[in-house]
Amino acid sequence: MVQVKVYGLADKLNPIKSELSNIIHTCLIEIIKVAPEKRFQRFFPLEPENFYYPNDRSDNYLVIEIIMFEGRSMETKKELIRKLIKDIYETFGISVNDIEITLFETPKSHWGIRGTTGDELNLNYKIEV
306 MVQVKVYGLA DKLNPIKSEL SNIIHTCLIE IIKVAPEKRF QRFFPLEPEN FYYPNDRSDN
366 YLVIEIIMFE GRSMETKKEL IRKLIKDIYE TFGISVNDIE ITLFETPKSH WGIRGTTGDE
426 LNLNYKIEV
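Here this note's numbering is used: the sequence shown runs in plain steps of one and ends on residue 434.
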């Protein structure tokens, strides 16, 4: 299970939202082997008065949070972060200084999905990659 949240300034995030969604989902499929039909993403386009960031970031600043079941290897998680940064930079020209990605891992038992807990689900993809 993977849930994605993306934050950015509305006037910068909205025009790229669809393509950014595809980039994120493709990376999740390729690197951590998420099933293609399992796209769970939320975008939070913010007005400037609701999005504060340091002076060394530009108006293109993106915050991407990926919440997922624990179990992926350290190398897999690093590969995911590197690939996302690379693909976002190459596609949109957003500086790597303006791309922040945080992975949050939780035990399967801490998720409530389809009327049960995640540890009781029969998943059609592997977590241990």
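Here a beta-carbon is modelled for each residue, glycine too, at the ideal position from N, C-alpha and C.
Remember, predicted model here, so these are calculated numbers, not experimental data.
Exposed unless 16 or more other CB atoms sit within 10 angstroms - verdict on residue i
{"i": "Val-307", "result": "buried"}
{"i": "Arg-377", "result": "buried"}
{"i": "Asp-403", "result": "buried"}
{"i": "Val-401", "result": "exposed"}
Proximal residues to residue i (C-beta, below 6 Å), its chain only, five neighbours per side dropped
{"i": "Gln-346", "result": "Val-309, Ser-326"}
{"i": "Lys-322", "result": "Phe-348"}
{"i": "Asp-392", "result": "Ile-328"}
{"i": "Tyr-358", "result": "Tyr-366"}
{"i": "Phe-409", "result": "Ile-372"}
{"i": "Arg-344", "result": "His-330"}
{"i": "Ile-432", "result": "Phe-374, Gly-376"}
{"i": "Val-311", "result": "Phe-348, Ile-369"}
Test item: CB-CB of residue i and residue j under 8 Å
{"i": "Ile-369", "j": "Glu-405", "result": "yes"}
{"i": "Thr-396", "j": "Val-434", "result": "no"}
{"i": "Pro-350", "j": "Leu-318", "result": "yes"}
{"i": "Glu-364", "j": "Leu-314", "result": "Per the sequence shown, the amino acid found at residue 364 is Asp instead of Glu. A contact, by the Cβ cut-off of 8 Å."}
{"i": "Thr-407", "j": "Trp-416", "result": "no"}
Other residues of its chain near residue i: CB distance less than 7 Å, five sequence neighbours each side excluded
{"i": "Pro-412", "result": "Glu-375"}
{"i": "Asp-424", "result": "Lys-413, Ser-414"}
Close-in-space but distant-in-sequence residues of the same chain around residue i (CB under 8 Å, 5 per side omitted)
{"i": "Leu-389", "result": "Ile-328, Ile-329, Cys-332, Ile-369, Ile-404, Ile-406"}
{"i": "Tyr-394", "result": "Ser-400, Val-401, Ile-404"}
Item checked: Three-pair Cβ contact test at 8 Å for the region 385-393 versus the region 329-336 -> yes
query = Of all the beta strand (DSSP E) runs that stay within the bounds of the region 364-410, which reach a length of 3 or more residues?
reply = 367-374
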